[in-house]
Amino acid sequence: MYLFDNIIEMIIPNNIKNIVILTGAGISAESGIKTFRDHNGFWEEYDIMDVASINGFKNNPELVFNFYNARRAQLQTPEVSPNPAHLALAELENKFQGKVTIITQNVDDLHERAGSQNIIHMHGELLKMHCIKTLKVYSIEGVLNESTICSCCKQSGNLRPHIVWFGEIPYRLDEISELLEECDLFISIGTSGEVYPAATFVAAAKESGAMTIEQNLTSTNLSRSFDSQLTGESSIQVPRLVKIILTP
Ligand code: APR
Numbered sequence: 017m018y019l020f021d022n023i024i025e026m027i028i029p030n031n032i033k034n035i036v037i038l039t040g041a042g043i044s045a046e047s048g049i050k051t052f053r054d055h056n057g058f059w060e061e062y063d064i065m066d067v068a069s070i071n072g073f074k075n076n077p078e079l080v081f082n083f084y085n086a087r088r089a090q091l092q093t094p095e096v097s098p099n100p101a102h103l104a105l106a107e108l109e110n111k112f113q114g115k116v117t118i119i120t121q122n123v124d125d126l127h128e129r130a131g132s133q134n135i136i137h138m139h140g141e142l143l144k145m146h147c148i149k150t151l152k153v154y155s156i157e158g159v160l161n162e163s164t165i166c167s168c169c170k171q172s173g174n175l176r177p178h179i180v181w182f183g184e185i186p187y188r189l190d191e192i193s194e195l196l197e198e199c200d201l202f203i204s205i206g207t208s209g210e211v212y213p214a215a216t217f218v219a220a221a222k223e224s225g226a227m228t229i230e231q232n233l234t235s236t237n238l239s240r241s242f243d244s245q246l247t248g249e250s251s252i253q254v255p256r257l258v259k260i261i262l263t264p
């Protein structure tokens, strides 16, 4: 057992029952999916407001449809698959004697493909679309564009990516705040903590008395808010952390 593991083992309380995990783009980076704010990230290539805002969509729907169609196509290539961090979180949910909830800012389906089930996609899902008239959500088969016919309206022009854009309200926030009130261990993995309201979750968890751990390649503007840091690649550090949590 490394000294590191002994330290982590010491800080994790024995009687935890509710684990809440917040994941960001960093957990999928080693699966080959770009992050947003790292070097070569999506926001170096695209203007956020062009492809991740309702006005961007109204101004140039084709650019937005193409942006998400390209990300969806990459996600569905054989090269992109869950990495050991996703798999470790699925093992934690499966073996932990208590509740494990993943709140993900990611829109990929790598947590699902790794076997996790208790997942909240607060920023939406790349493989889904919704009708702007009825808000009904559908899985996307192939590409989504302005000519895609909506199943509920039986016409084209009413469908958009099921993604929360800047200025829009993330999904299931009431459920998330209840989870943060109940949790006794909060783990943030692979997020820069630059986007709200996800950046407020660590403070809410601490308010509830939870132990808080930040796992990231580097420190972030939120690092000081956490009880401890687990620095390194998530594919290495997350399996180690899960092993410690699962070791009686
Ligand atoms: N292991 C752990 N952490 C990593 C790894 C890795 N292999 N690679 C990168 N990271 C970390 C980076 O250090 C950075 O802190 O992942 C974080 C990625 O930060 P962002 O690119 O800002 O992604 P994220 O925090 O998920 O962004 C939040 O912003 O653009 C919106 O809606 C989008 O959901 C996204 C939100």
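At the far end of the sequence shown sits residue 264, using my numbering, and the numbering has no gaps. Glycine residues also receive a C-beta, built at the ideal position from the N, C-alpha and C atoms.
Identify, in the order they occur along the chain, each residue of the same chain with its Cβ nearer than 6 Å to the Cβ of residue i, setting aside the five sequence neighbours on each side.
| i | result |
| --- | --- |
| residue 153 | 144, 146, 178 |
| residue 52 | 41, 58, 59 |
| residue 168 | 147, 150, 152 |
Nearest CA to the CA of residue i: which residue from the options?
| i | options | result |
| --- | --- | --- |
| residue 29 | 254, 202, 231 | 202 |
| residue 219 | 204, 261, 248, 190 | 204 |
| residue 123 | 40, 167, 245, 53 | 40 |
| residue 121 | 249, 213, 172, 228 | 213 |
| residue 224 | 24, 26, 34 | 34 |
| residue 27 | 255, 246, 250 | 246 |
| residue 184 | 70, 50, 51, 24 | 70 |
| residue 10 | 182, 89, 256, 198 | Not covered by the structure: residue 10. The range shown for the chain is 17 to 264. |
Which value, in whole angstroms, describes the spacing of the CA atoms of residue i and residue j?
| i | j | result |
| --- | --- | --- |
| residue 31 | residue 128 | 27 Å |
| residue 140 | residue 155 | 12 Å |
| residue 47 | residue 37 | 19 Å |
| residue 75 | residue 67 | 10 Å |
| residue 91 | residue 119 | 19 Å |
| residue 103 | residue 130 | 5 Å |
| residue 134 | residue 110 | 10 Å |
| residue 161 | residue 79 | 10 Å |
Between which residues of its own chain and residue i is the CB-CB distance below 8 Å, once the five residues before and five after are set aside?
| i | result |
| --- | --- |
| residue 187 | 136, 137, 138, 139, 140, 180 |
Looking at the unbroken alpha helix (DSSP H) that takes in residue i, where does it start and where does it end?
| i | result |
| --- | --- |
| residue 94 | Note, residue 94: premise wrong, no alpha helix (DSSP H); not H, not E. |
| residue 224 | Careful: residue 224 lies outside any alpha helix (DSSP H) and carries neither H nor E. |
| residue 261 | 250-262 |
Terminal residues of the continuous beta strand (DSSP E) containing residue i?
| i | result |
| --- | --- |
| residue 203 | 201-205 |
| residue 176 | 175-179 |
| residue 42 | From DSSP, residue 42 is part of no beta strand (DSSP E) but of the alpha helix (DSSP H) over 42-45. |
| residue 111 | Premise fails: residue 111 lies in the alpha helix (DSSP H), 100-111, not in any beta strand (DSSP E). |
| residue 146 | 140-147 |
Given residue i, which residues of its chain have a CB within under 7 Å of its CB, disregarding the five upstream and five downstream residues?
| i | result |
| --- | --- |
| residue 215 | 209, 238 |
| residue 44 | 122, 124, 126 |
| residue 64 | 182 |
Less than 8 Å between CB atoms is the rule here; does residue i satisfy it with respect to chain D?
| i | result |
| --- | --- |
| residue 147 | Absent here is chain D; the protein component of the structure consists of one chain. |
Is the beta carbon of residue i less than 8 Å from the beta carbon of residue j?
| i | j | result |
| --- | --- | --- |
| residue 142 | residue 87 | yes |
| residue 132 | residue 106 | yes |
| residue 229 | residue 242 | yes |
| residue 211 | residue 108 | no |
| residue 233 | residue 248 | yes |
| residue 276 | residue 96 | Coverage of the chain is limited to positions 17 through 264, which leaves residue 276 absent and any answer about it impossible. |
Using only the heavy atoms of the ligand SAH, determine whether one of them is closer than 7 Å to the beta carbon of residue i.
| i | result |
| --- | --- |
| residue 146 | Questions concerning the ligand SAH fall outside what the structure shown contains, since the ligands it does hold are the ligand APR. |
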